[in-house]
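For the sequence shown, my numbering gives the first residue as 5, with consecutive numbering after it. Beta carbons are placed, not taken as given, at the ideal position from N, Cα and C, and that holds for glycine. As structure tokens, the structure follows; a few thoughts come after it.
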Amino acid sequence: MNYYDLEKKYIFQTYKRNPILFVKGSGKYLWDDKGKRYLDFLSGISVCSVGHCNPKIVGAIQKQSKELIHTSNLFYTKPQIELAKILSGVSFGGKVFFSNSGAEANECAIKLARKWGNGRSEIISFMNSFHGRTITTLSATGQKKFSKGFEPLLKGFKFANFNDISSVKKHLNKKTCAILIEPIQGEGGVCLANKDFLIEIKNICKKNNLLLIFDEIQCGLGRTGKIFAYKNYGVEPDIMTLAKSLGGGLPLAATIAKSNVAEVLGYGTHGSTFGGNPVCCAVAVEVLKIVNNKNFLKNVENTGKYFIEKLKELQKSYSIIKEVRGQGLIIGIELNTDGKEIVKKCLQKGLIINCTQDKVLRFLPPLIISKKDVDEVISVLKDALK
Ligand SMILES: Cc1ncc(COP(=O)(O)O)c(C=O)c1O
Numbered sequence: 005m006n007y008y009d010l011e012k013k014y015i016f017q018t019y020k021r022n023p024i025l026f027v028k029g030s031g032k033y034l035w036d037d038k039g040k041r042y043l044d045f046l047s048g049i050s051v052c053s054v055g056h057c058n059p060k061i062v063g064a065i066q067k068q069s070k071e072l073i074h075t076s077n078l079f080y081t082k083p084q085i086e087l088a089k090i091l092s093g094v095s096f097g098g099k100v101f102f103s104n105s106g107a108e109a110n111e112c113a114i115k116l117a118r119k120w121g122n123g124r125s126e127i128i129s130f131m132n133s134f135h136g137r138t139i140t141t142l143s144a145t146g147q148k149k150f151s152k153g154f155e156p157l158l159k160g161f162k163f164a165n166f167n168d169i170s171s172v173k174k175h176l177n178k179k180t181c182a183i184l185i186e187p188i189q190g191e192g193g194v195c196l197a198n199k200d201f202l203i204e205i206k207n208i209c210k211k212n213n214l215l216l217i218f219d220e221i222q223c224g225l226g227r228t229g230k231i232f233a234y235k236n237y238g239v240e241p242d243i244m245t246l247a248k249s250l251g252g253g254l255p256l257a258a259t260i261a262k263s264n265v266a267e268v269l270g271y272g273t274h275g276s277t278f279g280g281n282p283v284c285c286a287v288a289v290e291v292l293k294i295v296n297n298k299n300f301l302k303n304v305e306n307t308g309k310y311f312i313e314k315l316k317e318l319q320k321s322y323s324i325i326k327e328v329r330g331q332g333l334i335i336g337i338e339l340n341t342d343g344k345e346i347v348k349k350c351l352q353k354g355l356i357i358n359c360t361q362d363k364v365l366r367f368l369p370p371l372i373i374s375k376k377d378v379d380e381v382i383s384v385l386k387d388a389l390k
């Protein structure tokens, strides 16, 4: 039996996978079992930002795994504390809770907001958002297609229209304790929040004593050309969630909260067996060393600008392209038609991209790419669009 048949037999059929078996990765490339090389412009959905099997990451795994792999959170470990200090320093000076996935980071943020609300328990989220696949995070997600069949969902979430402040005000009431938003909706089709909108939201939070929660799981950690997407807006959250690229390919997530907020979760109110695992944290320290660097971030910003320019040029020749949008290296092309066939054509030509919301081609390359890689992608796209 081949691997495709074995997968069908032994694994839940929840993923519609492409028929490719990857066996090797290095930098921006992946190789399949037949030796074909692919340029990876998806990076494991915004995970392998510093490239596949980056020597610094491999080194950190090797070093830490020889010293200590796990202890439980009943004890102290150095990498976890070191990482928390770095995350606090590069963000807004708060405290960190570590978990293993984006959904868990948001789960923690939601628990924290409710406990802090002390009786106020409603959270305003947004249409078209995505916050994870657990029942709580599905309940917070503004896309019905993900929660269909899993009802009843958790009560206490209201959904406002993205970039529409009057819609936010409409959902505000005495029970509201927080506003939860992705500065850039990733799964929702790479939709950017307007600066004025986020500033207004912050004002509403201040005026009504609400917590502002930014889900930067997909758009954070250098992806937009700034260490966090919110730094493009000059709007600071009270809580921020991170996952995906934080662990450099290992499972790690963080919920960062201002200290006066974090303190409402006291002893025994939250926990995770693996959260803040020493190996994952040692890797994340390396990820941050690489990403939180002026030249590195400048390259993300410049390459992203160049990529968007080139895509906009492409738009002039291909009426199938409705809109190009993005910031740094989180970029989407909205088409007038289904994007599946184009993704398939790109894969045949050795380029990995993805399609979200049926019609949005999404690009989330490793942050180490150059303009030359962008040129290659544009040439493949031209062929595929034809
Ligand atoms: C913005 C955002 N939040 C949360 C999640 C959930 O993360 P995970 O799949 O690690 O639970 C995702 C995953 O795509 C995401 O993009």
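Any idea which residues DSSP pairs GLU11 with across the strands?
-> Note: GLU11 sits in no beta bridge, so no partner.
Whole runs of the beta strand (DSSP E) within the segment 81-136, excluding any shorter than 3 residues = 99-103 and 126-130
Coil, strand or helix - LYS3 by DSSP = As shown, the chain starts at 5 and ends at 390. That puts residue 3 outside it, with no answer to give.
Could you tell me whether any non-hydrogen atom of ligand 1 is closer than 6 Å to the CB of GLU290?
-> no
Beta strand (DSSP E) runs contained entirely in the segment 150-184, provided each spans 3 or more residues | 161-164
Is the beta carbon of THR245 less than 7 Å from the beta carbon of LEU214?
-> In this structure, LEU214 does not lie closer than 7 Å to THR245 by Cβ.
Nearest to GLY354 by CA position, among LYS13, PHE26 and LEU43, is which residue?
-> For GLY354, the closest of LYS13, PHE26 and LEU43 by C-alpha to C-alpha distance is LEU43.
For LEU158, is the classification buried or exposed, using 16 other Cβ atoms within 10 angstroms of its Cβ as the cut-off for buried?
-> exposed
Would you list the residues sitting across from HIS56 in a DSSP beta bridge?
-> Looking at the DSSP assignment, HIS56 forms a beta bridge with GLY31.
Candidates GLY146, HIS74, THR75 and LEU368: closest to PHE163 by CA position | Check the Cα spacing between PHE163 and each of GLY146, HIS74, THR75 and LEU368: the tightest is with GLY146.
Could you spell out the range, first to last residue, of the beta strand (DSSP E) harbouring TYR42?
-> From DSSP, the beta strand (DSSP E) with TYR42 extends over 41-44.
Go through its chain and collect everything with a Cβ distance to ALA288's Cβ below 6 Å, but skip five positions before and after it.
-> LEU87, LEU250, GLY251 and LEU256
Alpha carbon to alpha carbon, how far is ILE321 from ARG137?
-> For the record, residue 321 in the displayed sequence is Ser; it is not Ile. Their Cα atoms are separated by approximately 39 Å.
Return helix, strand or coil for ASP36, following the three-state DSSP convention.
-> In the three-state reduction of the DSSP assignment, ASP36 falls in the strand class.
Would you check whether ligand 1 has a heavy atom nearer than 6 Å to the C-beta of SER249?
-> no
Residue ranges of each beta strand (DSSP E) run of no fewer than 3 residues wholly in the segment 213-246, ordered along the chain?
-> Within the segment 213-246, the runs of beta strand (DSSP E) at least 3 residues long that lie entirely inside it are, in chain order, 215-219 and 243-246.
Say yes only if the C-beta of SER143 is nearer than 6 Å to one or more non-hydrogen atoms of ligand 1, and no if none qualify.
-> no
Does ligand 1 have even one heavy atom less than 6 Å from the beta-carbon of GLU111?
-> no
Three or more C-beta pairs closer than 8 Å, one from the segment 368-388 and one from the segment 53-73: is that the case here?
-> As far as the Cβ criterion goes, the segment 368-388 touches the segment 53-73, which means the pair count is three or higher.
Roughly how many angstroms separate the alpha carbons of VAL172 and GLU191, rounded to a whole number?
-> 21 Å
Can you pull the DSSP bridge partners for ILE73?
-> In the DSSP assignment, ILE73 is bridged to no other residue.
Please name the residue in LYS210, VAL304, GLY238 and LEU351 whose C-alpha comes closest to that of LEU333.
-> VAL304
From MET131 to LEU269, what does the alpha carbon distance come to, in whole angstroms?
-> Rounded to whole angstroms, MET131 to LEU269 spans 29 Å at the Cα level.
Please name the residue, chosen from GLY153, GLY280 and ILE188, that lies closest to LEU202 on a Cα-to-Cα basis.
-> ILE188
Taking the CB atoms as reference points, tell me whether GLY280 and GLN84 lie closer together than 7 Å.
-> Using a Cβ distance threshold of 7 Å, GLY280 and GLN84 count as a contacting pair.
Roughly how many whole angstroms lie between the Cα atoms of CYS195 and GLU186?
-> 9 Å
Option nearest LYS314 by Cα separation, candidates GLN361, LYS386 and ASP342 = LYS386
Below 7 Å between beta carbons: does that hold for SER276 and LYS99?
-> no
Pick helix, strand or coil for GLN361, following the three-state DSSP scheme.
-> In this structure, GLN361 counts as coil in the three-state DSSP scheme.
Run the CB neighbour count on TYR271, radius 10 Å, all protein chains shown included, and call it buried at 16 or more, exposed below.
-> exposed
Should THR75 be labelled buried (16 or more other beta-carbon atoms within 10 Å of its own) or exposed?
-> exposed
Sequence ranges, beta strand (DSSP E) only - wholly within the segment 275-349, length at least 3 | Here the runs fully enclosed are 325-331 and 334-339.
ILE373 (DSSP reduced to helix, strand or coil) = coil
State yes or no: is the C-beta of ILE15 nearer than 6 Å to some heavy atom of ligand 1?
-> no
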